[in-house]
Amino acid sequence: MPLSRIPVLETRRLTLRGPEPQDYPNFKATFASYRSRFMGGPLNPYETWMLYAAEIGHWQIRGYGMWMIHDKQTGETCGMAGGWYPAAWPEREIAWIIWPEKAGHGYALEAAHAVRRYLYEKLGWDGAVSYLDPKNLDSIRLAERLGAVKDREAPTIDGNDAVYRHPSPERLKSGQLLDGIELEINHYCDPLFKPEGMPID
Amino acid sequence: MSAHPAIPVLETRDLILRGYRESDFPAFAAFAASERSRFVGGPQSRHDSWRSFMASIGHWALRGYGMWVIEHRDTGAMAGRVGVILNDGWHEPELGWHIYDGFEGRGFAYQACLAARAHAARHFGLNPLMSYIDAANDRSLRLARRLGCCFERDVEVVGQPCQLWRHPIEELR
Chain A
1 MPLSRIPVLE
11 TRRLTLRGPE
21 PQDYPNFKAT
31 FASYRSRFMG
41 GPLNPYETWM
51 LYAAEIGHWQ
61 IRGYGMWMIH
71 DKQTGETCGM
81 AGGWYPAAWP
91 EREIAWIIWP
101 EKAGHGYALE
111 AAHAVRRYLY
121 EKLGWDGAVS
131 YLDPKNLDSI
141 RLAERLGAVK
151 DREAPTIDGN
161 DAVYRHPSPE
171 RLKSGQLLDG
181 IELEINHYCD
191 PLFKPEGMPI
201 D
Chain V
202 MSAHPAIPVL
212 ETRDLILRGY
222 RESDFPAFAA
232 FAASERSRFV
242 GGPQSRHDSW
252 RSFMASIGHW
262 ALRGYGMWVI
272 EHRDTGAMAG
282 RVGVILNDGW
292 HEPELGWHIY
302 DGFEGRGFAY
312 QACLAARAHA
322 ARHFGLNPLM
332 SYIDAANDRS
342 LRLARRLGCC
352 FERDVEVVGQ
362 PCQLWRHPIE
372 ELR
């Protein structure tokens with residue numbers, strides 16, 4: 001799938017587009033930083049480049065992949081979210097990463113909710129998991145806010161990760177879970193909303 | 202998904218240079234896992250070679266050029282890869298080639314390099330190219346000489362010492 005054919009998703013605050021060459025510096029900065037420690041980083045420039053190029057190749061081979069998250073107002077990138085399914089993964093994953101300076105605004109929640117809906121409704125996924133480092137508390141919290149539950153039976157990538165299973169498309173069609181996610185996103189969209197405590201994605 | 206439409210198809214007598222298909226991955230991974238890949242960053246695990254495989258496709262999108270799959274015309278088998286690489290950390294665009302087990306010794310790398318080099322000069326504006334070659338990679342050094350390359354200098358790429366060989370300027374007719 002060429003870059004030009006990667007679908008564009010819009011949410012209240014965000015535009016999700018395919019990764020483009022000019023977005024590489026922000027990706028590189030994040031993967032050079034400690035922020036990337038749960039995503040296989042920090043990486044050197046060569047490894048980062050290979051990973052970034054692989055993000056694009058994934059779209060071509062799988063027909064889905066990781067979107068670049070942009071702030072609708074400023075156009076700035078905030079991170080990435082999407083579907084991820086390398087050869088070694090037991091199941092299709094919903095994944096996300098938020099640049100360190102963009103944490104704490106609920107961008108990952110808003111983006112992951114949108115991409116999950118797209119993967120379920122447009123691509124017909126019947127479910128998904130997220131493979132999380134057990135020490136990555138921010139991402140575990142996010143998975144739980146998205147309604148995912150730890151699946152102790154499911155195969156892991158290499159035994160060092162925890163599998164969080166997302167709710168089924170059926171459960172996300174309507175009801176308390178969906179209302180709760182959308183209510184929280186609405187809070188984050190409110191300019192007067194100031195979350196207390198540790199920033200979460 | 203089919204091959205990336207932006208990857209041009211080049212033909213030589215014995216070979217077709219084309220974009221990637223998922224069905225190419227087993228041959229790609231077998232090469233990356235083998236000792237043959239020791240001069241080009243291998244051997245690699247299956248997971249790492251999957252990343253490299255996807256990155257090879259993404260390279261075309263990011264740079265507008267990249268490495269082709271070399272398909273052996275008679276059998277349809279993947280015989281290797283050739284093309285232009287500019288990863289983060291490279292000094293300049295490089296002409297690279299990998300020939301897979303069972304396809305060496307038949308002049309395929311030579312054919313593929315000539316076709317890729319001419320295309321890069323004409324369509325990518327990359328002329329002259331260079332190639333990084335490990336000083337111990339005798340086969341590639343021989344091919345570089347046959348391609349008219351000259352040793353230019355010793356360099357380091359991703360922390361690894363290697364030689365930079367300069368290709369002749371392609372004459373654009």
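Chains as they are written, first to last, in the working numbering: chain A, 1 to 201; chain V, 202 to 374.
Beta carbons are placed, not taken as given, at the ideal position from N, Cα and C, and that holds for glycine.
Residue i: first and last residue of the uninterrupted alpha helix (DSSP H) it sits in
{"i": "residue 182 of chain A", "result": "176 to 189"}
{"i": "residue 115 of chain A", "result": "107 to 121"}
{"i": "residue 376 of chain V", "result": "With chain V running from 202 to 374 in the structure shown, residue 376 of chain V is simply not present."}
{"i": "residue 229 of chain V", "result": "226 to 234"}
{"i": "residue 30 of chain A", "result": "24 to 32"}
{"i": "residue 141 of chain A", "result": "137 to 145"}
{"i": "residue 315 of chain V", "result": "309 to 320"}
{"i": "residue 171 of chain A", "result": "169 to 172"}
C-alpha distance - residue i paired with residue j, whole-angstrom precision
{"i": "residue 68 of chain A", "j": "residue 16 of chain A", "result": "5 Å"}
{"i": "residue 14 of chain A", "j": "residue 73 of chain A", "result": "8 Å"}
{"i": "residue 289 of chain A", "j": "residue 145 of chain A", "result": "Since the first residue of chain A shown is 1 and the last is 201, residue 289 of chain A is not available in this structure."}
{"i": "residue 272 of chain V", "j": "residue 110 of chain A", "result": "44 Å"}
{"i": "residue 305 of chain V", "j": "residue 232 of chain V", "result": "13 Å"}
{"i": "residue 48 of chain A", "j": "residue 191 of chain A", "result": "34 Å"}
{"i": "residue 133 of chain A", "j": "residue 87 of chain A", "result": "19 Å"}
{"i": "residue 185 of chain A", "j": "residue 107 of chain A", "result": "9 Å"}
{"i": "residue 205 of chain V", "j": "residue 217 of chain V", "result": "Caution is warranted here: a pLDDT of 46 is assigned to residue 205 of chain V, below 50, making its placement in the model unreliable, and no coordinate value can be reported."}
{"i": "residue 203 of chain V", "j": "residue 226 of chain V", "result": "Note that residue 203 of chain V scores 39 on pLDDT, short of 50, meaning its location in the model is unreliable and no value can be drawn from it."}
{"i": "residue 65 of chain A", "j": "residue 19 of chain A", "result": "10 Å"}
{"i": "residue 187 of chain A", "j": "residue 196 of chain A", "result": "13 Å"}
{"i": "residue 207 of chain V", "j": "residue 222 of chain V", "result": "14 Å"}
{"i": "residue 260 of chain V", "j": "residue 251 of chain V", "result": "14 Å"}
{"i": "residue 33 of chain A", "j": "residue 70 of chain A", "result": "20 Å"}
{"i": "residue 131 of chain A", "j": "residue 80 of chain A", "result": "16 Å"}
{"i": "residue 40 of chain A", "j": "residue 296 of chain V", "result": "29 Å"}
{"i": "residue 302 of chain V", "j": "residue 281 of chain V", "result": "9 Å"}
{"i": "residue 112 of chain A", "j": "residue 95 of chain A", "result": "8 Å"}
{"i": "residue 176 of chain A", "j": "residue 85 of chain A", "result": "29 Å"}
{"i": "residue 56 of chain A", "j": "residue 24 of chain A", "result": "11 Å"}
{"i": "residue 43 of chain A", "j": "residue 166 of chain A", "result": "29 Å"}
{"i": "residue 374 of chain V", "j": "residue 283 of chain V", "result": "23 Å"}
{"i": "residue 328 of chain V", "j": "residue 253 of chain V", "result": "26 Å"}
{"i": "residue 228 of chain V", "j": "residue 353 of chain V", "result": "33 Å"}
{"i": "residue 105 of chain A", "j": "residue 138 of chain A", "result": "13 Å"}
{"i": "residue 286 of chain V", "j": "residue 244 of chain V", "result": "19 Å"}
{"i": "residue 123 of chain A", "j": "residue 117 of chain A", "result": "9 Å"}
{"i": "residue 236 of chain V", "j": "residue 230 of chain V", "result": "12 Å"}
{"i": "residue 28 of chain A", "j": "residue 22 of chain A", "result": "11 Å"}
{"i": "residue 160 of chain A", "j": "residue 136 of chain A", "result": "12 Å"}
Within chain A, partners of residue i - CB distance below 7 Å
{"i": "residue 365 of chain V", "result": "Neighbours of residue 365 of chain V on chain A: none; closest Cβ ~17 Å, over 7 Å."}
{"i": "residue 248 of chain V", "result": "86, 87 and 88"}
{"i": "residue 212 of chain V", "result": "What residue 212 of chain V touches in chain A: nothing, since even the nearest Cβ is about 22 Å away."}
Which listed residue (the options) has its alpha carbon closest to that of residue i
{"i": "residue 119 of chain A", "options": "A/183, A/35, A/62 and A/191", "result": "A/62"}
{"i": "residue 258 of chain V", "options": "V/242, V/276, V/227 and V/219", "result": "V/219"}
{"i": "residue 169 of chain A", "options": "A/160, A/148, A/18 and A/163", "result": "A/148"}
{"i": "residue 340 of chain V", "options": "V/228, V/239, V/229 and V/224", "result": "V/239"}
{"i": "residue 114 of chain A", "options": "A/11, A/102, A/7 and A/5", "result": "A/11"}
{"i": "residue 142 of chain A", "options": "A/103, A/75, A/51 and A/28", "result": "A/103"}
{"i": "residue 347 of chain V", "options": "V/308, V/323 and V/266", "result": "V/308"}
{"i": "residue 312 of chain V", "options": "V/324, V/326 and V/345", "result": "V/345"}
{"i": "residue 323 of chain V", "options": "V/300, V/287, V/372 and V/358", "result": "V/372"}
Per-residue contacts from residue i into chain V (C-beta, under 9 Å)
{"i": "residue 68 of chain A", "result": "Those do not exist, as residue 68 of chain A stays about 13 Å from chain V at its closest Cβ, beyond 9 Å."}
{"i": "residue 55 of chain A", "result": "255, 256 and 259"}
Host beta strand (DSSP E) of residue i (start-end)
{"i": "residue 82 of chain A", "result": "77 to 84"}
{"i": "residue 339 of chain V", "result": "It is not in any beta strand (DSSP E) - residue 339 of chain V instead sits in the alpha helix (DSSP H) that spans 339 to 347."}
{"i": "residue 332 of chain V", "result": "331 to 334"}
{"i": "residue 377 of chain V", "result": "Given that chain V is displayed from residue 202 to residue 374, the structure contains no residue 377 of chain V and the question cannot be resolved."}
{"i": "residue 299 of chain V", "result": "295 to 300"}
{"i": "residue 52 of chain A", "result": "Not the beta strand (DSSP E): residue 52 of chain A falls in the alpha helix (DSSP H), residues 45 to 62."}
{"i": "residue 165 of chain A", "result": "162 to 165"}
{"i": "residue 132 of chain A", "result": "129 to 132"}
{"i": "residue 70 of chain A", "result": "66 to 71"}
{"i": "residue 95 of chain A", "result": "93 to 98"}
Closer than 8 Å at the beta carbon, the chain V residues around residue i
{"i": "residue 50 of chain A", "result": "252, 253, 256 and 288"}
Within chain A, partners of residue i - CB distance below 8 Å
{"i": "residue 263 of chain V", "result": "21, 24, 52, 53 and 56"}
{"i": "residue 223 of chain V", "result": "61"}
Partner residues on chain A for residue i, Cβ-Cβ distance less than 9 Å
{"i": "residue 359 of chain V", "result": "44, 45, 46 and 47"}
{"i": "residue 272 of chain V", "result": "The contacting residues do not exist; residue 272 of chain V stays about 17 Å from chain A at best."}
Minimum Cβ-Cβ distance from residue i to chain B less than 8 Å
{"i": "residue 114 of chain A", "result": "The chain inventory of the structure shown lacks chain B, comprising the protein chains A and V."}
Check: residue i C-beta below 7 Å from any heavy atom of the ligand COA
{"i": "residue 14 of chain A", "result": "This structure does not include the ligand COA; it has no bound ligands of any sort."}
Task: At least 3 beta-carbon pairs within less than 8 Å: the segment 303 to 320 of chain V vs the segment 210 to 222 of chain V - done: As far as the Cβ criterion goes, the segment 303 to 320 of chain V touches the segment 210 to 222 of chain V, which means the pair count is three or higher.
Open item on the list: Three Cβ pairs or more, each shorter than 8 Å: is that satisfied between the segment 364 to 372 of chain V and the segment 329 to 348 of chain V?
Closed with: The segment 364 to 372 of chain V is in contact with the segment 329 to 348 of chain V.
Open item on the list: Three or more C-beta pairs under 8 Å: does that hold for the segment 87 to 107 of chain A against the segment 292 to 312 of chain V?
Closed with: For the pair of segments examined, the segment 87 to 107 of chain A was found not to touch the segment 292 to 312 of chain V: the number of CB pairs separated by less than 8 Å stays below three.
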